[in-house]
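Protein chains: 2
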Amino acid sequence: MPRPASFDREEALDAVMRTFWEHGFEATSLDRIERATGLKRQSLYNAFGDKEAMFAAALDRYRIQVGTPLRALLDHDDPATAVRAYLEGHLRMLQDPCTPAGCLIAGCSSELGPREDSVGARMRAETAGAVEAGVEVFRAWAAAGKLSIGADPEQLAALLATIIRGLAVLARANPDPDILIQAVDGAVAALSPFLGAASPPAHAQ
Amino acid sequence: MPRPASFDREEALDAVMRTFWEHGFEATSLDRIERATGLKRQSLYNAFGDKEAMFAAALDRYRIQVGTPLRALLDHDDPATAVRAYLEGHLRMLQDPCTPAGCLIAGCSSELGPREDSVGARMRAETAGAVEAGVEVFRAWAAAGKLSIGADPEQLAALLATIIRGLAVLARANPDPDILIQAVDGAVAALSPFLGAASPPAHAQ
DNA sequence: TCCTTTCTTGACTGATCGGTAAATTTCAGC
DNA sequence: GCTGAAATTTACCGATCAGTCAAGAAAGGA
Numbered sequence: 091m092p093r094p095a096s097f098d099r100e101e102a103l104d105a106v107m108r109t110f111w112e113h114g115f116e117a118t119s120l121d122r123i124e125r126a127t128g129l130k131r132q133s134l135y136n137a138f139g140d141k142e143a144m145f146a147a148a149l150d151r152y153r154i155q156v157g158t159p160l161r162a163l164l165d166h167d168d169p170a171t172a173v174r175a176y177l178e179g180h181l182r183m184l185q186d187p188c189t190p191a192g193c194l195i196a197g198c199s200s201e202l203g204p205r206e207d208s209v210g211a212r213m214r215a216e217t218a219g220a221v222e223a224g225v226e227v228f229r230a231w232a233a234a235g236k237l238s239i240g241a242d243p244e245q246l247a248a249l250l251a252t253i254i255r256g257l258a259v260l261a262r263a264n265p266d267p268d269i270l271i272q273a274v275d276g277a278v279a280a281l282s283p284f285l286g287a288a289s290p291p292a293h294a295q
Numbered sequence: 091m092p093r094p095a096s097f098d099r100e101e102a103l104d105a106v107m108r109t110f111w112e113h114g115f116e117a118t119s120l121d122r123i124e125r126a127t128g129l130k131r132q133s134l135y136n137a138f139g140d141k142e143a144m145f146a147a148a149l150d151r152y153r154i155q156v157g158t159p160l161r162a163l164l165d166h167d168d169p170a171t172a173v174r175a176y177l178e179g180h181l182r183m184l185q186d187p188c189t190p191a192g193c194l195i196a197g198c199s200s201e202l203g204p205r206e207d208s209v210g211a212r213m214r215a216e217t218a219g220a221v222e223a224g225v226e227v228f229r230a231w232a233a234a235g236k237l238s239i240g241a242d243p244e245q246l247a248a249l250l251a252t253i254i255r256g257l258a259v260l261a262r263a264n265p266d267p268d269i270l271i272q273a274v275d276g277a278v279a280a281l282s283p284f285l286g287a288a289s290p291p292a293h294a295q
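Chains as they are written, first to last, in this note's numbering: chain A, 91 to 295; chain B, 91 to 295.
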């Protein structure tokens, strides 16, 4: 068993993920990854494989480090509380100065949208899976009688997934954080009446 | 006045716009533009300038051909009708098989988000301008007393802009059109109570 | 017809792309 | 210390990138 690697794989993967997060797939060159990780080309290829494999590993890490904690915010007895926490959690993440602006999934799925190779397919699957996970949460709420009468769980889940991705786009393009806060406040006000809250929308603040 | 150009500038610009629309800024190479327009490199540089100028011209054309007609859907006396038409119009556009999937502005502003050169700045300005235009529409509705009591025009405009961009992301990534339809239906149901509609949200279909 | 001006064409630049081969360094086991 | 396998480094590959140059083709004005 000769010569262990001199770098921490997780730490390097973190830098890889952040580079893809910041610049997208195409604009992330191997040179940029070298600079971000401090590693040389061959070490990267030894550790992760080619660029697509690096991207896949970065997506996996993103799901663990970002996606899963955010989705956990939906695990709350009260749907209105859960949705508010979910939206505000996304807002914090999207604007966190310690991480690149926006969302890796939303950004790269926009970038790679119609591509037919493995990366494009991977991104489409990532998006579809995330949306479907949200649908299941709303269906469970509906089955538990936690949604207001007439609330459609599929509609609400699709709308929430849409809002989340819209926030990601705006967070990446718009330096004005007020717009995002207003969008989240508006979303909470618009969605709450469907989530078991008693107050009619005309009085929603 | 010797030798007129042998091609139609508007027609060529249309192909340029569609190429950027489909592949984004970085992944649109000059070779690809040559193939899409049928023109040679030097003709493109003569007609439009460098790649950034081609992109700027494509954005201008996109605003005229896509953005302006969509924004005109908000010009309606009844806010609820206007918002529904606006959302459904975007849905049609995003999924129109005659044009690339998604939205040029949303896609490229995600792609170029934090870039500090002129293209990045241009995209950020495009997004900020579009959002601000929506805010003015809602403010006018509010001033005309067309919004429900308690409805916040800034919140509603920010939310609508967010939803529009979220739809663009999903339209580009998700081949399932049902999700988008459900999102639009959900958005109409969630927003209508604020737009002067009388029906309470519990009965919104 | 000829000239001038522009458009068009194809070859070309240096830079950068993702990926690789070979040489060199470094450490575990003996 | 020696040896060998793996990690690291350096140099390089062909392809492609945006952009340019110069020669050839074509049309209006004379």
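Ideal Cβ positions, reconstructed from N, Cα and C, are used throughout, including at glycine.
- Query: Excluding sequence positions up to five away, which residues of its chain have a Cβ less than 8 Å from the Cβ of L120/A?
  - Reply: R131, L134 and K141
- Query: If we count the other Cβ atoms within 10 Å of its Cβ and call it buried at 16 or more, is D242/B buried or exposed?
  - Reply: Answer is buried; the Cβ neighbour count reaches 16.
- Can at least three beta-carbon pairs, one atom from the segment 274–284 of chain B and one from the segment 214–221 of chain A, be found at a separation below 8 Å? no
- Mind checking whether the beta-carbon of S238/A lies closer than 6 Å to any heavy atom of the ligand MG? In the structure on display, the ligand MG does not appear, and there are no ligands present to speak of.
- Message: I'd like to know whether the C-beta of R182/A is nearer than 7 Å to at least one C-beta of chain B.
- Response: no
- Task: Go ahead and label F97/B buried or exposed: buried means 16 or more other beta carbons lie within 10 angstroms of its beta carbon, across all protein chains shown.
- Result: exposed
- Task: Could you work out which residue in A117/A, F138/A and E116/A is closest to D104/A when comparing CA atoms only?
- Result: F138/A
- Three-state class that DSSP yields for T118/A in the structure shown: It is coil, neither helix nor strand.
- Item | Residue nearest to G197/A in terms of C-alpha spacing, selected from E226/A, D167/A, I254/A and E124/A | Measuring C-alpha to C-alpha distances from G197/A to each of E226/A, D167/A, I254/A and E124/A identifies I254/A as the nearest.
- Run of the alpha helix (DSSP H) containing T171/A, from where it starts to where it stops: P169 to Q185
- Can you give the beta carbon distance from G114/B to E201/B, rounded, assuming they're within the 8 Å contact cut? 5 Å between Cβ atoms; contact.
- Note down the Cα distance separating R161/A from D165/B, rounded to an integer number of angstroms. 38 Å
- Contact under 7 Å by Cβ, E116/A with E112/B: no
- Task: Determine the DSSP secondary structure at T189/B, reduced to helix, strand or coil.
- Result: coil
- Message: Quick check: what's the CA-CA separation for L184/A versus I271/A?
- Response: 12 Å
- Terminal residues of the alpha helix (DSSP H) in which F110/A lies: Secondary structure note for F110/A: its alpha helix (DSSP H) is the uninterrupted segment R99 to H113.
- the segment 166–185 of chain A / the segment 257–265 of chain A touching (three or more Cβ pairs under 8 Å): yes
- Task: Label T109/B either buried or exposed according to how many other C-beta atoms from any shown protein chain fall within 10 Å of its C-beta, with 16 as the threshold for buried.
- Result: Answer is buried; the Cβ neighbour count reaches 16.
- Where I239/A falls, given that 16 or more other Cβ within 10 Å makes a residue buried: exposed
- Query: By DSSP, does I353/B sit in helix, in strand, or in coil?
  - Reply: Nothing about residue 353/B can be read from this structure; chain B reaches only from 91 to 295.
- Touching or not, the segment 243–250 of chain B and the segment 219–232 of chain B, by the rule of three or more beta carbon pairs under 8 Å? yes
- Message: Taking the alpha-carbon of M144/A as reference, which of I154/A, V106/A and A258/A has the nearest alpha-carbon?
- Response: V106/A
- Query: Is there a Cβ from chain B that is less than 7 Å from the Cβ of D275/A?
  - Reply: Yes, its Cβ sits closer than 7 Å to a Cβ of chain B.
- For chain B, is any of its Cβ atoms less than 7 Å away from the one on G224/A? no
- Query: Can you tell me where the alpha helix (DSSP H) with R205/A in it begins and where it stops?
  - Reply: Careful: R205/A lies outside any alpha helix (DSSP H) and carries neither H nor E.
- Query: What are the boundary residues of the alpha helix (DSSP H) that P267/B is part of?
  - Reply: Residue range P267 to L281 is occupied by the alpha helix (DSSP H) that includes P267/B.
- Task: Just tell me which of L257/A, R122/A and A279/A has its CA closest to the CA of G192/A.
- Result: L257/A
- Message: Distance cutoff 7 Å, beta carbons only. Does E100/B sit that close to anything in chain A?
- Response: no
- Task: Could you tell me the distance, in whole angstroms, from the CA atom of L281/B to the CA atom of A170/B?
- Result: 8 Å
- Query: If we ignore side chains and look at the alpha-carbon of each, how far apart do A175/B and G179/A end up?
  - Reply: 31 Å
- Verify the CB distance criterion: does A171/B have a CB-CB separation below 7 Å to chain A? Correcting the residue type first, residue 171/B is Thr in the shown sequence and not Ala. So no, T171/B is outside the interface.
- Message: My assumption, with CB atoms under 8 Å, is that G157/A sits in contact with L237/A. Please give the rounded CB distance.
- Response: Their Cβ separation, rounded to whole angstroms, is 24 Å, which puts G157/A and L237/A out of contact at 8 Å.
- Task: Answer with buried or exposed for R125/B, where buried requires no fewer than 16 other C-beta atoms within 10 angstroms of its C-beta.
- Result: exposed
- Item | As assigned by DSSP and simplified to three states, the class of A292/B | The pLDDT assigned to A292/B is 42, lower than 50, so where the model puts this residue is not dependable, and the model offers no usable value.
- 7 Å Cβ cutoff met for A46/A and V221/A: With chain A running from 91 to 295 in the structure shown, residue 46/A is simply not present.
- Local Cβ density within 10 Å of Q155/B, reported as buried at 16 or more and exposed below that: Q155/B counts as exposed, since fewer than 16 other beta carbons sit within 10 angstroms of its beta carbon.
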